[in-house]
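J.: Here you go, one structure.
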Amino acid sequence: MSEKIDFAAFPDPRGHFGRYGGRFVSETLMAALEDLEAVYNRLKDDPQFQADFDYDMAHYVGRPSPLYFAERLSKQVGGAQIWLKREDLNHTGAHKVNNTIGQALLAKHIGKRRVIAETGAGQHGVASATVAARLGLECQVYMGADDVERQKLNVYRMKLLGAEVIPVTSGSRTLKDALNEAMRDWVTNVDHTFYIIGTVAGPHPYPMLVRDFQSIIGREAREQCLKMNDRLPDALVACVGGGSNAIGLFHPFLNDESVSMYGVEAAGDGIETGRHSAPLAAGRPGVLHGNRTYLMENDDGQIIDTHSISAGLDYPGVGPEHAWLKDLGRVNYVGATDDEALAAFRTLTHVEGIMPALESAHAVAYAMKLAATMSEDQIIVVNLSGRGDKDILTVAALDGFTF
Amino acid sequence: MNRIAKRFSDLAASGRKALIPFVTAGDPTPEVTLPLLQAMVAAGADIIELGMPFSDPMADGPVIQLACERSLAGGTSVRSLLDTVASFRKTDNDTPIVLMGYLNPVEAMGYEVFAQRCAEVGVDGVLIVDLPPEEALDVAPTFREHNLDLVFLVAPTTTDERMEIIGKAGSGYLYYVSLKGVTGAATLDPVEVKSRVETIRKHTKLPIGVGFGIKDAESARLVSQVADGVVVGSALVQQIADNAANPAVIPEKVAAVLRSMREAMDNSKAG
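Here the protein sequences come in this chain order: A and B. The first sequence maps to residues 1 to 403 in our numbering. The second sequence maps to residues 1001 to 1271 in our numbering.
What follows is the structure, encoded as structure tokens:
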């Protein structure tokens, strides 16, 4: 980097992170996005709004989430200390709820009585259904038909919470198609519907406001690490699908030059096989779902099928801020395969008694590799973005266990 | 004067309104598109919106989603559909062609390469659904340089402020989306459309085409009384879907629908 960048100053007023981001949607949605941006810009510095958000974070979500030193895991790996930011301990079991609480507060201010969401692994759907139940809002969740199958437990949780889960059978029947369908719903019902986007993608202002709500992860981790170790961590590691848990951890550290960062994409069967969900590693810039970012596409600009064992990472795009951070070289984007993630899922469960979501297991897998190359006095903070209960059926099936 | 401006000025001189069919290129096979375009012109089409297929058509309903899937399965790409336009131009140098679709396939081809090829084969305008004027600032000069009109959408939710921006940024014509929703969703309300079109006219001198929700001759007739152009898409694409197993009959099936609309529009008394 030739020039020092103030990362806190982005996106620019038009929602761009360098050449990425923006607002690429059909005209029908422009007014709603402009309204949302105006409301958010007014509320984000409003002490009452911040107090409401902080109150819910403390008393409904259970924050701050602990920063836990995984001592046995660190010893086993032999190298840097691995610390886990325990987002898995949040109410509903993942980081997703930080964002849905924030957006639900916005929906309440704007006066919309219905919320919709897209979901992959179901964590964002559950978090959306949860806040909808609490605020008495109607909630419909779009989910790829294949994901409905592989995340049955979360589907049933959403139903119990009073949300309607709508299986999406178009396209590749996964997260991207759920997003397409949610956009179609929103364009039709924009007058009374608030779209709770689950990740740092989509049209401006979503990547900005989702990042801001999720940044509570990094603010806490920074403070906790300073308090417990008298110093900042040497490295941060988080998995990247759309990238909301990663940006939440990274963002408050971006101006700390001594902290290196690793975003772990789903390498599926291996990048070289083409069966993966790693647009930053193997894609190229394009426009999808309202923003310009790295995409997995063919030479004609058609989006191609992705693969990952974890439904939450099975997405052909990535948040635009990550695309920008990649080009700037501020964050290193790396991969973990299905097999590596599964091995890390088992290791963390056995050694620490913590069962990670398969998404988060990608971050754990890479952190173990990274730690082995570092010294014992160095600190790695891993975002343990969700817990693995939802994945038990997937892992059991691989083990040949039937209930 | 380019083909689009000339067409609207000729129509205005004869007191007629533009009939603007939309079909997806390569649907259901690449071979059917050229005879289909020719049949639509013979049936009274004034301007043709030719869809560029995309894997993720977010603003479209199921009818056009499936058209995209059929087209892509048959191997159609932006490059190949531009070749089809070149073939069309060998026998028709008057009917304007507007390419309609999503940004990513155009961006993947490269804006300069795309615009140059459009100019070469005789494309007159481009309508990119997910490219609002604010995001078009960087690419608009490239299109302009190659004499391509940039057609923008106006929606029921568009504010007066935005109409002003769109009116200034757009060229060729404006496309008023008569419904909140995806293509092929519902039936439009002619009274509402009339009042919105009158509002839009305060912000632009461009001709106004109206689309979404025009299903038959009667809705085409009603819209033609208030707009300069009537865009019909899903109703035609449904004909293509219904006859996908026998593509040879598609040009005539689509032409029949258009003829009924043409007739209703031309016999309609304004007001």
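C-beta: ideal position from N, C-alpha, C; glycine also.
Enumerate in chain order the residues of its own chain whose CB-to-CB distance from A/Phe213 is below 6 Å, with the five nearest sequence positions on each side excluded.
T.: On the first sequence, position 213 is the one that residue 213 of chain A refers to. Taken in chain order, the residues that qualify are Asn98, Asn99, Gly102.
J.: Looking at C-alpha atoms only, which residue of B/Gly1125, B/Ser1260, B/Asn1147, B/Ala1220 is the closest neighbour of B/Met1052?
T.: The residue you call residue 1052 of chain B lines up with position 52 of the second sequence. The residue with the shortest Cα to Cα distance from B/Met1052 is B/Gly1125.
J.: For B/Thr1024, would you say it is in contact with chain A, using Cβ-to-Cβ distances shorter than 8 Å as the test?
T.: The residue labelled residue 1024 of chain B in the question sits at position 24 within the second sequence. B/Thr1024 does not count as touching chain A.
J.: My parser needs the alpha helix (DSSP H) runs of 4 or more residues fully inside the stretch 299-360 of chain A; what are they?
T.: Qualifying alpha helix (DSSP H) stretches, in chain order: 320-328, 338-352.
J.: If the cut-off is 8 Å on Cβ atoms, which residues from the stretch 265-277 of chain A count as contacting chain B, listed in chain order?
T.: Answer in chain order: no residues at all.
J.: So with CB distances below 9 Å, who are the chain B contacts of A/Leu161?
T.: Mapped onto the first sequence, residue 161 of chain A falls at position 161. Simply none; closest approach about 27 Å.
J.: Would B/Ser1077 count as contacting chain A if we go by Cβ distances under 8 Å?
T.: Taking the second sequence and counting its residues from 1, the one referred to as residue 1077 of chain B is at position 77. Chain A, which has a Cβ nearer than 8 Å to the Cβ of B/Ser1077, makes this yes.
J.: Does DSSP put A/Met1 in a helix, in a strand, or in coil?
T.: Sequence index remark: in the first sequence, residue 1 of chain A carries index 1 (1-based). Only weak support is given to the placement of A/Met1: the predicted model assigns it a pLDDT of 47, under 50, and the value that follows is read from those uncertain coordinates. Three-state result, A/Met1: coil.
J.: Locate the alpha helix (DSSP H) running through B/Thr1142, then write down its first and last residues.
T.: Within the second sequence, residue 1142 of chain B is the residue found at index 142, counting from 1. It spans 1140-1145 - the alpha helix (DSSP H) in which B/Thr1142 sits, taken as one unbroken run.
J.: Using the beta-carbon of each residue, which ones in chain A are nearer than 8 Å to B/Gln1238?
T.: For the purposes of this step, residue 1238 of chain B is identified with residue 238 of the second sequence, where counting begins at 1. None at all; the shortest Cβ gap to chain A is about 17 Å.
J.: Listed in chain order, which residues of the stretch 1178-1206 of chain B have Cβ atoms closer than 8 Å to some Cβ of chain A?
T.: Listed in sequence order: Lys1180, Gly1181, Val1182, Ala1185.
J.: Looking at B/Val1121: is its Cβ nearer than 8 Å to the Cβ of B/Leu1082?
T.: To locate residue 1121 of chain B, count along the second sequence from 1; it is residue 121. To locate residue 1082 of chain B, count along the second sequence from 1; it is residue 82. Cβ atoms of B/Val1121 and B/Leu1082: closer than 8 Å.
J.: In its own chain, which residues sit with a C-beta less than 6 Å from the C-beta of B/Pro1190, not counting the 5 before and 5 after it?
T.: Residue numbering aside, residue 1190 of chain B sits at position 190 when the second sequence is read from its first letter. Leu1222.
J.: How close, in whole Å, do the beta carbons of A/Ile380 and A/Ala371 come, if the pair is a contact with beta carbons under 8 Å?
T.: Here residue 380 of chain A is taken as the residue at index 380 of the first sequence, counted from 1. Here residue 371 of chain A is taken as the residue at index 371 of the first sequence, counted from 1. 6 Å between Cβ atoms; contact.
J.: Can you tell me whether A/Gln50 is buried or exposed, with buried defined as 16 or more other CB within 10 angstroms of its CB?
T.: Sequence index remark: in the first sequence, residue 50 of chain A carries index 50 (1-based). So A/Gln50 ends up on the exposed side.
J.: Provide the residue(s) that pair with B/Gly1211 in DSSP beta bridges, ordered along the chain.
T.: In the second sequence, counting from the first residue as 1, residue 1211 of chain B sits at position 211. Note: B/Gly1211 sits in a beta bridge opposite B/Val1177.
J.: What three-state label does DSSP hand A/Arg86 in the structure shown?
T.: The residue labelled residue 86 of chain A in the question sits at position 86 within the first sequence. Three-state DSSP puts A/Arg86 in a strand.
J.: Within this structure, are the beta carbons of A/Ala107 and A/Val115 separated by less than 8 Å?
T.: Your numbering for residue 107 of chain A matches position 107 in the first sequence. Your numbering for residue 115 of chain A matches position 115 in the first sequence. The answer is yes: Cβ separation under 8 Å.
J.: Determine the chain B residues that contact A/Gly286 at a beta-carbon separation under 7 Å, and present them in chain order.
T.: Walking along the first sequence from the start, residue 286 of chain A turns up at place 286. Residues of chain B passing the Cβ test: Asn1104, Glu1107, Ala1108.
J.: For B/Gln1065, which residues in chain A fall below 7 Å Cβ to Cβ?
T.: The sequence position of residue 1065 of chain B within the second sequence is 65, counting from 1. Ser170, listed in chain order.
J.: With DSSP run on the structure shown, which of helix, strand or coil describes A/Ala238?
T.: Here residue 238 of chain A refers to the residue found at position 238 of the first sequence. A/Ala238: strand per DSSP, three-state reduction.
J.: Pull up the distance between the alpha-carbon of B/Val1041 and that of B/Tyr1175, whole angstroms please.
T.: Within the second sequence, the letter at position 41 stands for residue 1041 of chain B. Within the second sequence, the letter at position 175 stands for residue 1175 of chain B. Cα to Cα, B/Val1041 sits roughly 20 Å from B/Tyr1175.
J.: State the DSSP-derived secondary structure class of A/Phe10, mapped to helix, strand or coil.
T.: Taking the first residue of the first sequence as 1, we reach residue 10 of chain A at position 10. Correct three-state label for A/Phe10: coil.
J.: Of the residues B/Ala1245, B/Ile1214, B/Met1163, B/Glu1192, which one's Cα is nearest the Cα of B/Lys1205?
T.: For the purposes of this step, residue 1205 of chain B is identified with residue 205 of the second sequence, where counting begins at 1. With distances taken between Cα atoms, B/Lys1205 lies closest to B/Met1163.
J.: For B/Glu1112, return the contacting residues in chain A, with the cut-off set at a CB-CB distance below 7 Å.
T.: The sequence position of residue 1112 of chain B within the second sequence is 112, counting from 1. The contacting residues do not exist; B/Glu1112 stays about 15 Å from chain A at best.
J.: Assign A/Ser260 to one of three DSSP states: helix, strand, or coil.
T.: By 1-based counting over the first sequence, the position of residue 260 of chain A is 260. If DSSP states are grouped into helix, strand and coil, A/Ser260 belongs with the strands.
J.: Tell me B/Asp1149's beta-bridge partners as DSSP assigns them.
T.: Taking the second sequence and counting its residues from 1, the one referred to as residue 1149 of chain B is at position 149. BP columns for B/Asp1149 point to B/Gly1125.
J.: Whose C-alpha, out of A/Glu352, A/Leu398, A/Met374, is nearest the C-alpha of A/Gly79?
T.: Working through the first sequence from its first residue, we reach residue 79 of chain A at position 79. Answer by Cα proximity: A/Met374.
J.: So A/Thr174 contacts chain B; which residues on that side make the cut at Cβ distance below 9 Å?
T.: For the purposes of this step, residue 174 of chain A is taken as residue 174 along the first sequence, with counting starting at 1. Near A/Thr174 there are no residues of chain B at all, since even the closest Cβ is about 12 Å away, more than 9 Å.
J.: Can you round the beta-carbon distance between B/Asp1228 and B/Lys1017 to whole angstroms, since I take them to be within the 8 Å contact cut?
T.: Here residue 1228 of chain B is taken as the residue at index 228 of the second sequence, counted from 1. Here residue 1017 of chain B is taken as the residue at index 17 of the second sequence, counted from 1. B/Asp1228 to B/Lys1017, Cβ: 6 Å. Contact.
J.: From B/Val1063 to B/Glu1134, what distance separates their C-alpha atoms?
T.: On the second sequence, position 63 is the one that residue 1063 of chain B refers to. On the second sequence, position 134 is the one that residue 1134 of chain B refers to. Approximately 29 Å between the Cα atoms of the pair.
J.: How is A/Tyr142 classed by DSSP in three states: helix, strand or coil?
T.: Position 142 of the first sequence, counted from the start, is the residue given in the question as residue 142 of chain A. A/Tyr142: strand per DSSP, three-state reduction.
J.: Looking at the C-beta of A/Val25, does it have a partner C-beta in chain B at a distance below 8 Å?
T.: Position 25 of the first sequence holds residue 25 of chain A. Judged by the 8 Å Cβ criterion, A/Val25 is in contact with chain B.
J.: Can you find a CB in chain B that lies within less than 8 Å of the CB of A/Asn229?
T.: Taking the first residue of the first sequence as position 1, residue 229 of chain A is located at position 229. By this cut-off, A/Asn229 is not an interface position.
J.: Using 10 angstroms around the beta-carbon of A/Pro11, count the other beta-carbons present and answer buried if the total reaches 16, otherwise exposed.
T.: The residue given as residue 11 of chain A occupies position 11 in the first sequence. By the neighbour-count rule (16 or more Cβ atoms within 10 Å), A/Pro11 is buried.
J.: Just tell me which of A/Leu29, A/Ile197, A/Ala278, A/Asp314 has its CA closest to the CA of A/Asp191.
T.: Stepping through the first sequence from its first residue, residue 191 of chain A is reached at position 191. It is A/Leu29.
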